[in-house]
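Participant: For what it's worth, this note's numbering labels the leading residue of the sequence shown as 2, then goes sequentially.
Each residue gets a CB set at the ideal place from its N, CA and C atoms; glycine is no exception.
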Amino acid sequence: MILSRRTRIALRAAMVAGLAVVYLPLLLVLLNSLNRDRSFAWPPAGLTTEWWVRAWQSEGARSAVLTSLQAGAGATLVALVLGTMTAFAVQRHRFFGRQTVSFLVILPIALPGIVTGIALNAAFRTVLGPAGIGFGLLTVVIGHATFCIVVVFNNVVARLRRTFPSAEEASADLGAHIFQTFRYVTFPAVRSALLAGGLLAFALSFDEIVVTTFTAGPGVQTLPVWIYANLARPNQAPVVNVVAAVLVLLSVVPVYLAQRLSADSPGGRL
Numbered sequence: 002m003i004l005s006r007r008t009r010i011a012l013r014a015a016m017v018a019g020l021a022v023v024y025l026p027l028l029l030v031l032l033n034s035l036n037r038d039r040s041f042a043w044p045p046a047g048l049t050t051e052w053w054v055r056a057w058q059s060e061g062a063r064s065a066v067l068t069s070l071q072a073g074a075g076a077t078l079v080a081l082v083l084g085t086m087t088a089f090a091v092q093r094h095r096f097f098g099r100q101t102v103s104f105l106v107i108l109p110i111a112l113p114g115i116v117t118g119i120a121l122n123a124a125f126r127t128v129l130g131p132a133g134i135g136f137g138l139l140t141v142v143i144g145h146a147t148f149c150i151v152v153v154f155n156n157v158v159a160r161l162r163r164t165f166p167s168a169e170e171a172s173a174d175l176g177a178h179i180f181q182t183f184r185y186v187t188f189p190a191v192r193s194a195l196l197a198g199g200l201l202a203f204a205l206s207f208d209e210i211v212v213t214t215f216t217a218g219p220g221v222q223t224l225p226v227w228i229y230a231n232l233a234r235p236n237q238a239p240v241v242n243v244v245a246a247v248l249v250l251l252s253v254v255p256v257y258l259a260q261r262l263s264a265d266s267p268g269g270r271l
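1. Three-state secondary structure (DSSP) at Leu-48?
2. Expressed to the nearest angstrom, what Euclidean distance is found between the alpha-carbon atoms of Leu-83 and Ala-76?
3. Can you say whether Arg-270 is buried or exposed, counting buried as having 16 or more other CB atoms within 10 angstroms of its CB?
4. Thr-182 and Ser-172 - do their beta-carbons sit closer together than 7 Å?
5. Sort out for me which residues DSSP pairs Asn-36 with in a bridge.
6. With 16 other CB atoms within 10 Å as the buried threshold, where does Ser-266 fall?
7. Runs of 4 residues minimum, wholly inside the stretch 83 to 125: which ones carry the alpha helix (DSSP H) assignment?
8. Where do the N-terminal and C-terminal ends of the alpha helix (DSSP H) with Gly-135 fall, by residue?
9. Taking Ile-179 as part of the alpha helix (DSSP H), name the residues at either end of that continuous run.
10. Quick one: what does DSSP say Ala-233 is sitting in, helix, strand or coil?
11. Check whether the stretch 179 to 193 and the stretch 228 to 248 are in contact - that is, three or more C-beta pairs closer than 8 Å.
12. Once you ignore the five residues that flank Ser-103 on each side, which residues in its own chain have a CB closer than 7 Å to its CB?
13. Just how far apart, CA to CA, sit Leu-139 and Ala-217?
14. Could you give the DSSP three-state label for Gly-268: helix, strand or coil?
15. Classify Glu-209 as buried or exposed, calling it buried when 16 or more other Cβ atoms lie within 10 Å of its own Cβ.
16. Taking all protein chains shown into account, do 16 or more other C-beta atoms lie within 10 angstroms of the C-beta of Phe-96, making it buried, or fewer, making it exposed?
17. CA-CA distance, Ala-230 and Val-211?
18. Quick check on Leu-200: buried or exposed, where buried means 16 or more other Cβ atoms within 10 Å of its Cβ?
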């Protein structure tokens with residue numbers, strides 16, 4: 002398609018405007034984390050690293066980061082196991098209700114977070130409550146895994162669609178048992194998809210707040226929940242900006258790596 006010069010300029014301007022709407026607020030958060038003025042007056046009166054030092058010394062912030070890392074790691078592990086197994090079942094086998102299973106796996110990512118949170122809260126009270134298991138880190142991990150499974154499932158299914166089972170059949174014909182075939186043939190083919198799905202799942206879990214609010218116990222506070230709880234406190238506002246800046250930076254890394262690993266080549270790109 003050949004576009005006129007005016008059309009190309011208009012498209013570029015629209016692209017720049019869209020990127021500005023998304024990323025200028027993030028840049029302001031990074032700048033405010035270095036703003037010497039507590040009220041974040043504009044333009045900044047000066048720059049300082051004092052708030053970064055205070056954020057590092059904040060026990061609540063450090064505890065929230067550790068909780069988010071634990072929840073993200075747990076949810077990612079569950080998502081990798083269940084999402085991968087479901088992807089292989091749906092893509093490599095034909096059975097009644099296969100499309101329904103695929104739809105049910107993908108559905109949680111499309112549901113509003115508050116609906117998922119309320120449903121999980123009621124389910125945990127009904128199922129785990131009588132067993133003496135209260136709300137805590139375990140319920141947060143389960144809650145996050147419900148939507149983290151989707152990204153792993155989608156990545157693995159997409160990779161399996163670009164690979165053929167004939168290589169696995171040839172491996173079996175040559176005398177390899179199922180575990181050897183998986184180690185030397187199947188796993189290398191889906192390895193980058195698993196890494197990309199795991200990174201995206203961790204990023205989703207690390208940033209989640211709505212489902213966490215409904216599934217966390219009184220003593221469990223992830224980093225997004227800590228930010229929301231301290232946002233309205235005047236003395237904590239500069240520290241919150243620092244923590245938010247760190248959260249942005251931490252979120253960029255797994256998303257970038259996942260994007261690189263989700264390249265169109267069958268083996269992915271490192």
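Facilitator: Result, derived from the coordinates:
1. strand
2. 11 Å
3. Caution applies to Arg-270, whose pLDDT of 41 falls short of 50 and renders its modelled position unreliable; the value that the coordinates give is listed next. Exposed, since its Cβ has fewer than 16 Cβ neighbours within 10 Å.
4. yes
5. Leu-48
6. Its pLDDT being 47, under 50, Ser-266 is placed unreliably in this model, and the value from its coordinates should be taken loosely. Ser-266 should be labelled exposed.
7. 99 to 111
8. No alpha helix (DSSP H) contains Gly-135, which DSSP labels as neither H nor E.
9. 179 to 182
10. coil
11. no
12. Beyond the five residues adjoining it in sequence on each side, Ser-103 comes within less than 7 Å, by CB distance, of Val-91 in the same chain, given in chain order.
13. Roughly 9 Å between the two C-alpha positions.
14. Bear in mind that the predicted position of Gly-268 carries a pLDDT of just 46, short of 50, making it too unreliable to give a figure here.
15. That one is buried.
16. With fewer than 16 other Cβ atoms within 10 Å, it is exposed.
17. 13 Å
18. By the neighbour-count criterion, in which 16 or more other beta carbons inside 10 Å mark a residue as buried, Leu-200 falls on the buried side.
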